[in-house]
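Trainee:
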Amino acid sequence: MATVLYTIAIILGAIIIYVLISSFRLKKAVTNLTQEEFIKGYRKAQLIDVRETKEFESGHILGARNIPFTQLRQRYKEIRPDLPVYLYCQNMTRSSRAALFLKKKGYNQLYQLQGGFKTWTGKVKTKN
């Protein structure tokens, strides 16, 4: 019984350490912006929607370019590293992963929409 508890404690400890390291890496890679902060800066930046094409076409922030996260490894060079990059997805999961990837590739001015597109109340464009 003690061995099982010891094993569970080790696994839980490893999970906690992983989560802490991941959140620390994410905090260093990307700045979360409220919708108001996002609106103030995204017109002077590269606005990238990392959702899949169908999601993008059903509605996206006006002026956004669609580079789905699943294609980012092949297409990241379409994003200029010398300009700010504003990322968003549906709920911050893919945009966080995209920010970590871009940070590894040398991008330093990375921002993401806090709460993701699902919380966006600004202008939206749909493709009909």
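Letter by letter, the sequence shown follows residues 929 to 1056 of my numbering.
Where is the CB? At the ideal position from N, CA and C, for every residue including glycine.
#1: Going by DSSP, what residue range makes up the beta strand (DSSP E) through Gln999?
#2: DSSP puts Tyr1039 in a beta bridge; with which residues?
#3: What is the DSSP secondary structure of Ile976, counted as helix, strand or coil?
#4: Taking the alpha carbon of Phe966 as the reference point, which residue from Lys1053, Gly1044, Thr1054, Lys1055 has its own alpha carbon closest?
#5: Tell me whether Gln1002 is buried or exposed, calling it buried when 16 or more other Cβ atoms sit within 10 Å of its Cβ.
#6: Kindly indicate which three-state DSSP category Ile1007 falls into: helix, strand or coil?
#7: Under the assumption that Gln963 contacts Leu1041 (Cβ atoms under 8 Å), give the Cβ distance between them as a whole number of angstroms.
Mentor: In short:
#1: The count along the sequence shown starts at 1 and reaches residue 999 at position 71. No beta strand (DSSP E) holds Gln999; DSSP gives it neither H nor E.
#2: Counting from 1 along the sequence shown, the entry for residue 1039 is found at position 111. Paired residue(s): Thr959, Tyr1014.
#3: Here residue 976 refers to the residue found at position 48 of the sequence shown. Of the three classes helix, strand and coil, the one that applies to Ile976 here is strand, per DSSP.
#4: Residue numbering aside, residue 966 sits at position 38 when the sequence shown is read from its first letter. With distances taken between Cα atoms, Phe966 lies closest to Gly1044.
#5: Along the sequence shown, one-based indexing puts residue 1002 at 74. Label assigned to Gln1002: exposed.
#6: Stepping through the sequence shown from its first residue, residue 1007 is reached at position 79. Here Ile1007 sits in coil by DSSP.
#7: The sequence position of residue 963 within the sequence shown is 35, counting from 1. The sequence position of residue 1041 within the sequence shown is 113, counting from 1. About 7 Å separates the two Cβ atoms, so the contact holds.
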